[in-house]
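Every letter in the sequence shown is one number past the one before it in our numbering, and letter 14, counting from 1, is 668.
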Amino acid sequence: MAHELRLTGERLTGELVAKVEELSGENLYACFQCGKCSAGCLFADHMDLLPSQVLRLVQLGDEDVLSAQAPWVCASCLACAVRCPKGVDIAKVMEAIRLISLRKGEPHLSPRALAKEERLPQIALVGAFRKMTP
Ligand code: SF4
Ligand code: SF4
Numbered sequence: 655m656a657h658e659l660r661l662t663g664e665r666l667t668g669e670l671v672a673k674v675e676e677l678s679g680e681n682l683y684a685c686f687q688c689g690k691c692s693a694g695c696l697f698a699d700h701m702d703l704l705p706s707q708v709l710r711l712v713q714l715g716d717e718d719v720l721s722a723q724a725p726w727v728c729a730s731c732l733a734c735a736v737r738c739p740k741g742v743d744i745a746k747v748m749e750a751i752r753l754i755s756l757r758k759g760e761p762h763l764s765p766r767a768l769a770k771e772e773r774l775p776q777i778a779l780v781g782a783f784r785k786m787t788p
């Protein structure tokens, strides 16, 4: 469901856009959808939305982006950031989306949800729970 967008000066703003910009420190409207970030993302094959699509949904204030898997798959490797001709750091945008989801109090990963065969090395578990739990 899209947030209400309103015109402020010459740019559209909305609650989701404002929150993501505040948390990420990035100017979302600098992105002009060239797709270089998506082309260079090593994890794009495992994402349900490409990084550039995540950014576009946030630009539009579309809250469906909060239920996408892509921000959780993002490894914050910064390959997108170094390729972006507009200097947008999508890793920070992905982090902001994760934070907004986690602040609703819902963990993205629960220890009880892990099957025995999915048990990971301890350091991987600690990293995963730091990233995916409130
Ligand atoms: S590389 Fe930068 S400008 Fe191009 S789509 Fe990605 S974020 Fe937008
Ligand atoms: S920081 Fe995230 S979105 Fe960017 S290239 Fe790496 S995995 Fe992909």
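For every residue, glycine included, the Cβ atom is placed at its ideal position computed from N, Cα and C. A quick note: this is a predicted structure, and the numbers were derived from the prediction, not measured.
Where residue i sits in the DSSP three-state scheme
i, result
"residue 716", "strand"
"residue 781", "helix"
"residue 776", "helix"
"residue 664", "A caution first: residue 664 carries a pLDDT of 49, below 50, which makes its placement in the model unreliable, though a value can still be read off. Correct three-state label for residue 664: coil."
"residue 760", "coil"
"residue 786", "helix"
"residue 702", "coil"
"residue 673", "helix"
"residue 770", "helix"
"residue 723", "coil"
"residue 740", "coil"
"residue 687", "coil"
"residue 680", "coil"
"residue 755", "helix"
"residue 734", "helix"
"residue 729", "coil"
Inter-residue Cα distance where the pair is residue i and residue j
i, j, result
"residue 758", "residue 726", "15 Å"
"residue 779", "residue 696", "22 Å"
"residue 672", "residue 777", "34 Å"
"residue 781", "residue 687", "31 Å"
"residue 753", "residue 774", "24 Å"
"residue 701", "residue 707", "11 Å"
"residue 682", "residue 741", "10 Å"
"residue 748", "residue 786", "12 Å"
"residue 718", "residue 709", "12 Å"
"residue 724", "residue 716", "15 Å"
Status (buried if at least 16 other CB within 10 Å, exposed otherwise) for residue i
i, result
"residue 713", "buried"
"residue 669", "exposed"
"residue 751", "buried"
"residue 771", "exposed"
"residue 705", "buried"
"residue 674", "buried"
"residue 722", "buried"
"residue 664", "The predicted position of residue 664 is uncertain, since its pLDDT is 49 and thus under 50; a value taken from the coordinates is nonetheless stated next. Label assigned to residue 664: exposed."
CB-CB length for residue i against residue j, believed under 8 Å
i, j, result
"residue 694", "residue 734", "6 Å"
"residue 691", "residue 738", "6 Å"
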